[in-house]
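Chains Z and C, in that order, give the protein sequences. Going by the working numbering, the first residue of the first sequence is number 8, and it counts up by one from there. Going by the working numbering, the first residue of the second sequence is number 135, and it counts up by one from there. From the three backbone atoms N, C-alpha and C, an ideal C-beta is built for every residue, glycine too.
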Amino acid sequence: DTAVSQTPKYLVTQMGNDKSIKCEQNLGHDTMYWYKQDSKKFLKIMFSYNNKELIINETVPNRFSPKSPDKAHLNLHINSLELGDSAVYFCASSLRTGGNEKLFFGSGTQLSVL
Amino acid sequence: DQQVKQNSPSLSVQEGRISILNCDYTNSMFDYFLWYKKYPAEGPTFLISISSIKDKNEDGRFTVFLNKSAKHLSLHIVPSQPGDSAVYFCAAWDTNAGKSTFGDGTTLTVKP
Numbered sequence: 008d009t010a011v012s013q014t015p016k017y018l019v020t021q022m023g024n025d026k027s028i029k030c031e032q033n034l035g036h037d038t039m040y041w042y043k044q045d046s047k048k049f050l051k052i053m054f055s056y057n058n059k060e061l062i063i064n065e066t067v068p069n070r071f072s073p074k075s076p077d078k079a080h081l082n083l084h085i086n087s088l089e090l091g092d093s094a095v096y097f098c099a100s101s102l103r104t105g106g107n108e109k110l111f112f113g114s115g116t117q118l119s120v121l
Numbered sequence: 135d136q137q138v139k140q141n142s143p144s145l146s147v148q149e150g151r152i153s154i155l156n157c158d159y160t161n162s163m164f165d166y167f168l169w170y171k172k173y174p175a176e177g178p179t180f181l182i183s184i185s186s187i188k189d190k191n192e193d194g195r196f197t198v199f200l201n202k203s204a205k206h207l208s209l210h211i212v213p214s215q216p217g218d219s220a221v222y223f224c225a226a227w228d229t230n231a232g233k234s235t236f237g238d239g240t241t242l243t244v245k246p
């Protein structure tokens with residue numbers, strides 16, 4: 008059973024389109040994240056949700072809108088896609104313990120904007 | 135401002151030898167430091183961590199050392215195996231900020 012699953016794995020689309028990436032975790036975790044890995048290989052946090060509430064928004068353009076319908080799901084919707092949005096997007100989850108926060112990652116969504 | 139840096143983009147070692155991966159940080163508020171391993175087309179997976187109040191943590195072939203005064207940590211893998219070939223990310227957890235900050239990774243190649 009996959010602990011953190013995200014779909015689709017690959018997403019190729021044209022500039023200006025709107026697309027969504029879905030993420031689900033079956034670990035019983037209370038916190039979920041979206042990370043972006045760009046061409047320089049940095050893993051940079053975009054959003055964090057704890058119990059369905061947004062707690063971190065790292066100056067991400069408002070074309071990116073996360074939605075958490077429940078603790079086990081965190082989806083990412085992207086409007087008006089731009090070339091610079093091309094990257095690998097990772098969903099992750101953790102159990103907020105107040106320390107030593109281990110992240111469990113999905114396998115990533117490779118987004119290519121043409 | 136890159137708060138976590140891994141200055142070696144790549145490292146190549148012979149099977150059976152020691153692999154040493156390094157990481158430097160600038161923010162003294164970090165509480166925990168973690169290492170993640172990533173294979174191609176997969177997400178990073180947790181490997182080992184260390185609290186900021188410790189200077190060493192060992193788990194099998196993997197040992198992490200923390201030098202707080204130098205704001206430096208390292209991951210030692212002994213003995214290295216071909217299956218250890220992957221990208222290794224150093225990460226630092228800030229409890230107050232509620233997030234982990236990642237380095238840009240070191241690609242380890244272990245040659246048989």
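If you look at T197/C, you'll find it in the beta strand (DSSP E) that goes 196–201. Between the C-alpha atoms of K29/Z and D228/C there is a straight-line separation of about 27 Å.
If you look at N82/Z, you'll find it in the beta strand (DSSP E) that goes 80–85. In the DSSP assignment, Y166/C falls within the beta strand (DSSP E) that extends over 166–172. Within 7 Å of the CB of E176/C, the CB atoms of chain Z belong to S114, in sequence order along the chain. Contact check for L88/Z and N24/Z: beta-carbon distance about 5 Å, within the 8 Å limit, so the pair qualifies. Setting aside the 5 residues that flank it on each side, K59/Z is surrounded in the same chain by S75, P76, D77, K78, each with a C-beta closer than 8 Å to its C-beta; the list follows chain order.
Sequence-distant Cβ neighbours of I152/C in its own chain, meaning closer than 8 Å and more than five residues away, are H210, I211, V212, P213, S214. The Cβ-Cβ distance between S100/Z and T38/Z falls below 9 Å.
With a contact defined as Cβ atoms closer than 8 Å, L110/Z and S234/C qualify at about 6 Å. In the DSSP assignment, E60/Z falls within the unbroken beta strand (DSSP E) covering 60–64. The count of Cβ pairs closer than 8 Å, one atom from the stretch 136–148 of chain C and one from the stretch 190–210 of chain C, stays below three, leaving the stretches out of contact.
Chain-ordered, the chain C residues with CB closer than 8 Å to the CB of K109/Z read L168, F180, S183. Looking at the DSSP output, H206/C shares a beta bridge with D158/C, N201/C.
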